[in-house]
Amino acid sequence: MFMIDNINNIIMLLCKGMANRKLYFSDHPRVNSYGSEIIDLANDHFRSTGSSELFIGIVDGFFIFDGKRVFGPSVTGKQLIQFAERLYSGGFALQKGIKIGDLQKFFDITANRGVPVKTIAEARTLFTNSGIKNIRIAEPFSDQVGNIKRDTAKAWEGQAVSKGLPSPTFLYQELYDVVSNAYGDAAFDRTIDIDKARSVSEFMLRYIQSSFADVMQHVHYADYDSYTVGHSVRVASLAVYVGSAMQWSKKDLLAIGSAALLHDIGKSRIPDEILLKKGKLTDEEFAVIRDHPRAGAEILSEQKDVSDLDLAACWGHHIRYDGGGYPRQPGWAVRHPVTALLQICDVFEALTAVRPYKEALDPRGAYTIMLADRGGFHPGLLAAFISMVGMYPPGTYVRLSDRRVGMVTEVGEHIDRPKVLITASKIGEPLDENDRYMVDLTELQSQSLSVDRLLLNFIG
Ligand SMILES: [Fe+2]
Ligand SMILES: [Fe+2]
33 MFMIDNINNI IMLLCKGMAN RKLYFSDHPR VNSYGSEIID LANDHFRSTG SSELFIGIVD
93 GFFIFDGKRV FGPSVTGKQL IQFAERLYSG GFALQKGIKI GDLQKFFDIT ANRGVPVKTI
153 AEARTLFTNS GIKNIRIAEP FSDQVGNIKR DTAKAWEGQA VSKGLPSPTF LYQELYDVVS
213 NAYGDAAFDR TIDIDKARSV SEFMLRYIQS SFADVMQHVH YADYDSYTVG HSVRVASLAV
273 YVGSAMQWSK KDLLAIGSAA LLHDIGKSRI PDEILLKKGK LTDEEFAVIR DHPRAGAEIL
333 SEQKDVSDLD LAACWGHHIR YDGGGYPRQP GWAVRHPVTA LLQICDVFEA LTAVRPYKEA
393 LDPRGAYTIM LADRGGFHPG LLAAFISMVG MYPPGTYVRL SDRRVGMVTE VGEHIDRPKV
453 LITASKIGEP LDENDRYMVD LTELQSQSLS VDRLLLNFIG
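So the sequence shown is residues 33 to 492, counted in this note's numbering.
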């Protein structure tokens, strides 16, 4: 049986190959190493299933494999989805006999900004003329009435003004894109689209007020490609959620959204050898890392639409409440609450995130460390943060004391007694969407119930 994990990997490797092809030349070892991993996995598939094609479909902004949505990569693999849409296609089929040359040429085409095709037939000709032999462009998926579903750009515009909001996945993809594009642009001294960061923040603001849990559910996805991009999106979602629960003004919420998305932009100038180094850093390497808030503020200061608050938040996000941290802060400096909240969200995210070199802490573990760090954080904001995010943050899954499983939708009056949307019965049977129901642990009738455990990394 070919595992869904392998499909996730193939999709992510295709995306990594695309991303790296934009940075490097065609037969650069990095690009090729992704290509050969893809070929190995595809060959496993051909061997284990006996089929001669591995088809990855794309419908409505999601990858589909074997009739099911492949969720995780749909969040981070938007570039590949958009590429398929630019080719008027409904996905790609890797065929038996696929060679590294096929993938090299595939990546070459993805690296061109505009793909000059107007129909799927033209796309196929482009592939053939480029010498791609074993990657087939699939027809777009049609629903029963024959409507071709592919125009997500229009859907995005349409949905933004209609009363229904687009899916949280779509929002998460947009957030992810803003950050990863900003990183790419900053690394090459191109202009950053600050306006886009702000408009996405505005959208996030509307979304987070109505259904934060849905957004946060996405935020749990491990970030396959770059820790910094996923980290920034998660920090921004947390910051906007907490700020909005504290009833901050719209102006400050937009500021913290865009500032949080771009707060680590200075890391785009840190070489990977240092940023991703596994062993201990030398003093010089450490100094390079500690320079990222300053470098980030410098990058932002060169952009035309940047606000003072974006700059201040980027520059000050590693400065502690007691003035310690880095860079050095002049004694007269006054800290804006936006920077102070950003600093809290940044540390909380880093402590609770999965990284290759460490286990994730649960929120309780993170709060213990943060509360023990005297002078580290603004006390009032930290208290507010803890009461809003709670022991079981919205979007996480928990198991109740009677073994029912559900997603936390809201933190109740008590930070350890959330509202939970039950998604699986006591015997572990998943409930259909319509059969799900809410349990509010603060209510009298739920008195005997409690949260048994937080299911980290559980996706409902
Ligand atoms: Fe940072
Ligand atoms: Fe950060």
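Yeah, the Cβ is synthetic: ideal placement off N, Cα and C, and Gly gets one too.
Of the listed residues Ile351, Leu374, Val370, nearest to Gly363 (C-alpha basis): For the purposes of this step, residue 363 is taken as residue 331 along the sequence shown, with counting starting at 1. Gly363 has its Cα closest to that of Ile351, out of Ile351, Leu374, Val370.
- prompt: Which residue or residues does DSSP assign as beta-bridge partners of Phe94?
  reply: The residue given as residue 94 occupies position 62 in the sequence shown. Paired residues: Val91.
query: For Val379, which three-state DSSP category applies?
result: Numbered from 1 along the sequence shown, position 347 holds the residue referred to as residue 379. Correct three-state label for Val379: helix.
- request: Just the C-alpha distance for Arg396 and Thr384, rounded to the nearest angstrom, thanks.
  value: On the sequence shown, residue 396 is found 364 positions in, with the first residue counted as 1. On the sequence shown, residue 384 is found 352 positions in, with the first residue counted as 1. Roughly 10 Å separates the two Cα atoms.
- request: Could you tell me the distance, in whole angstroms, from the CA atom of Ser433 to the CA atom of Leu73?
  value: Sequence index remark: in the sequence shown, residue 433 carries index 401 (1-based). Sequence index remark: in the sequence shown, residue 73 carries index 41 (1-based). C-alpha separation (whole angstroms): 41 Å.
- prompt: Going by the C-beta, is His410 closer than 7 Å to any heavy atom of ligand 2?
  reply: Looking up residue 410 in the sequence shown gives position 378. Checking every heavy atom of ligand 2 against the Cβ of His410, none is found closer than 7 Å.
Residues bridged to Leu403 [DSSP beta-bridge criterion]: Position 371 of the sequence shown holds residue 403. Its beta-bridge partners do not exist; DSSP assigns none.
In DSSP terms, what Tyr429 is bridged to: For the purposes of this step, residue 429 is identified with residue 397 of the sequence shown, where counting begins at 1. The partner list for Tyr429 (beta bridge, DSSP) reads Met439, Leu487.
task: Assess, as a yes-or-no matter, whether the stretch 302 to 316 is touched by the stretch 228 to 235 under the definition of 3 or more beta carbon pairs within less than 8 Å.
output: no
Check whether Ser162 and Ile141 have beta carbons under 8 Å apart: Against the sequence shown, residue 162 aligns to sequence position 130. Against the sequence shown, residue 141 aligns to sequence position 109. Contact flag set, yes.
- prompt: Just to check, is the beta-carbon of His295 closer than 7 Å to a non-hydrogen atom of ligand 2?
  reply: Taking the sequence shown and counting its residues from 1, one reaches residue 295 at position 263. The answer is yes for His295.
- prompt: Alpha carbon to alpha carbon, what distance is there between Pro303 and Ala416?
  reply: In the sequence shown, counting from the first residue as 1, residue 416 sits at position 384. In the sequence shown, counting from the first residue as 1, residue 303 sits at position 271. Between Ala416 and Pro303, the C-alpha separation is close to 36 Å.
message: Just to confirm my understanding: we take Gly408, look at its own chain, exclude 5 residues before and 5 after, and list those with CB closer than 7 Å. What are they?
response: To locate residue 408, count along the sequence shown from 1; it is residue 376. These residues qualify, in order along the chain: Arg352, Tyr353, Met402.
query: In terms of residue numbering, what span does the beta strand (DSSP E) encompassing Leu119 cover?
result: For this step, residue 119 is matched to residue 87 along the sequence shown. Premise fails: Leu119 is in no beta strand (DSSP E) and is neither H nor E.
- request: Apply the 10 Å Cβ neighbour rule to Asp175 and answer buried if 16 or more other Cβ atoms are within range, or exposed otherwise.
  value: Along the sequence shown, read from residue 1 onward, the residue named residue 175 stands at position 143. Reliability of the predicted coordinates at Asp175 is poor, the pLDDT of 47 falling under 50, and the value obtained from them is presented with this limitation in mind. The residue is exposed, with fewer than 16 neighbouring Cβ atoms inside 10 Å.
message: Please list the terminal residues of the continuous beta strand (DSSP E) segment that includes Leu453.
response: Taking the first residue of the sequence shown as position 1, residue 453 is located at position 421. Segment 451 to 456, the beta strand (DSSP E) holding Leu453.
- prompt: For Ile447 versus Met423, is the C-beta spacing smaller than 8 Å?
  reply: Taking the sequence shown and counting its residues from 1, one reaches residue 447 at position 415. Taking the sequence shown and counting its residues from 1, one reaches residue 423 at position 391. Contact flag set, yes.
task: Between the Cα of Arg168 and those of Phe124, Tyr56, Asn38, Lys312, spot the shortest distance and give me the residue it belongs to.
output: For the purposes of this step, residue 168 is taken as residue 136 along the sequence shown, with counting starting at 1. The shortest Cα separation from Arg168 among Phe124, Tyr56, Asn38, Lys312 belongs to Phe124.
- request: Thinking Val267 and Ala287 are a contact (beta carbons under 8 Å), I'd like their distance in whole angstroms, please.
  value: Locating residue 267 in the sequence shown gives position 235, counting from the first residue. Locating residue 287 in the sequence shown gives position 255, counting from the first residue. The pair is not a contact, with the Cβ atoms about 14 Å apart (cut-off 8 Å).
query: Does the beta-carbon distance from Asp18 to Gln136 come in below 8 Å?
result: Since the first residue shown for the chain is 33 and the last is 492, residue 18 is missing from the structure and cannot be characterised.
DSSP three-state assignment for Glu171, whether helix, strand or coil: Here residue 171 refers to the residue found at position 139 when the sequence shown is read from its first residue. If DSSP states are grouped into helix, strand and coil, Glu171 belongs with coil.
- prompt: DSSP puts Ile302 in a beta bridge; with which residues?
  reply: To locate residue 302, count along the sequence shown from 1; it is residue 270. Ile302 pairs with nothing; no bridge assigned.
task: With a threshold of 16 other CB atoms inside 10 Å of the CB of Lys390, please say whether the residue is buried or exposed.
output: By one-based count along the sequence shown, residue 390 stands at place 358. Exposed.
message: Excluding the 5 residues flanking Lys195 on each side, which residues of the same chain have their C-beta closer than 8 Å to its C-beta?
response: Numbered from 1 along the sequence shown, position 163 holds the residue referred to as residue 195. Because Lys195 carries a pLDDT of 41, less than 50, the predicted location of this residue cannot be relied on, and the following value inherits that uncertainty. Result list for Lys195: empty, nothing under 8 Å.
message: Please return the same chain residues whose Cβ sits closer than 6 Å to the Cβ of Ala143, not counting the five positions on each side in sequence.
response: Position 111 of the sequence shown holds residue 143. Result list for Ala143: Arg53, Lys54, in chain order.
message: Just to confirm my understanding: we take Gly178, look at its own chain, exclude 5 residues before and 5 after, and list those with CB closer than 6 Å. What are they?
response: Numbered from 1 along the sequence shown, position 146 holds the residue referred to as residue 178. The pLDDT assigned to Gly178 is 42, lower than 50, so where the model puts this residue is not dependable; a value taken from the coordinates is nonetheless given after this. So the list is empty, once near-sequence residues are dropped.
- prompt: Heavy atom of ligand 1 less than 7 Å from the Cβ of His368, yes or no?
  reply: Numbered from its first residue, the sequence shown carries residue 368 at position 336. His368: no, Cβ never under 7 Å from ligand 1.
task: Compute the minimum distance between the beta carbon of Asp378 and the heavy atoms of ligand 1, and state whether it is under 7 Å.
output: Locating residue 378 in the sequence shown gives position 346, counting from the first residue. Correct: Asp378 has its Cβ closer than 7 Å to ligand 1.
message: So, at 7 Å on beta carbons, what are the nonlocal neighbours of Gly67 in its own chain, with the 5 sequence-adjacent residues on each side left out?
response: Position 35 of the sequence shown holds residue 67. If we look at Gly67 and ignore the five residues flanking it on each side, its Cβ neighbours are Gly49, Ile132, Leu135, Gln136.
- prompt: Looking only at C-alpha atoms, which of Pro450, Ile88, Gln114 sits nearest to Phe202?
  reply: Within the sequence shown, residue 202 is the residue found at index 170, counting from 1. If we check each option's Cα against that of Phe202, Gln114 comes out closest.
- request: Give me the Cβ distance between Gln295 and Ala345, rounded to the nearest whole Å; I'm assuming they're in contact under 8 Å.
  value: Start at 1 with the first residue of the sequence shown, and residue 295 comes out as number 263. Start at 1 with the first residue of the sequence shown, and residue 345 comes out as number 313. Looking at the sequence shown, residue 295 is not Gln but His. Right, their Cβ atoms sit about 6 Å apart.
task: May I ask you to report which of helix, strand or coil DSSP gives Gln127?
output: Taking the first residue of the sequence shown as position 1, residue 127 is located at position 95. Gln127 falls in the strand class under three-state DSSP.
field: For Asp217 and Ala51, the rounded distance between their alpha carbons
entry: Here residue 51 refers to the residue found at position 19 when the sequence shown is read from its first residue. Here residue 217 refers to the residue found at position 185 when the sequence shown is read from its first residue. Rounded to the nearest angstrom, the two C-alpha atoms are 13 Å apart.
field: Backbone secondary structure at Leu308 - three-state DSSP
entry: To locate residue 308, count along the sequence shown from 1; it is residue 276. Three-state DSSP puts Leu308 in coil, outside helix and strand.
- request: Give the range of the beta strand (DSSP E) segment to which Asp472 is assigned.
  value: Looking up residue 472 in the sequence shown gives position 440. Taken as a continuous stretch (DSSP letters only), the beta strand (DSSP E) holding Asp472 covers 469 to 472.
task: Return the chain-ordered list of same chain residues with a C-beta closer than 8 Å to the C-beta of Ile43, the five sequence neighbours on each side being excluded.
output: Walking along the sequence shown from the start, residue 43 turns up at place 11. Around Ile43: Ile88, Phe95, Val102, Pro105, Gly109, Leu112.
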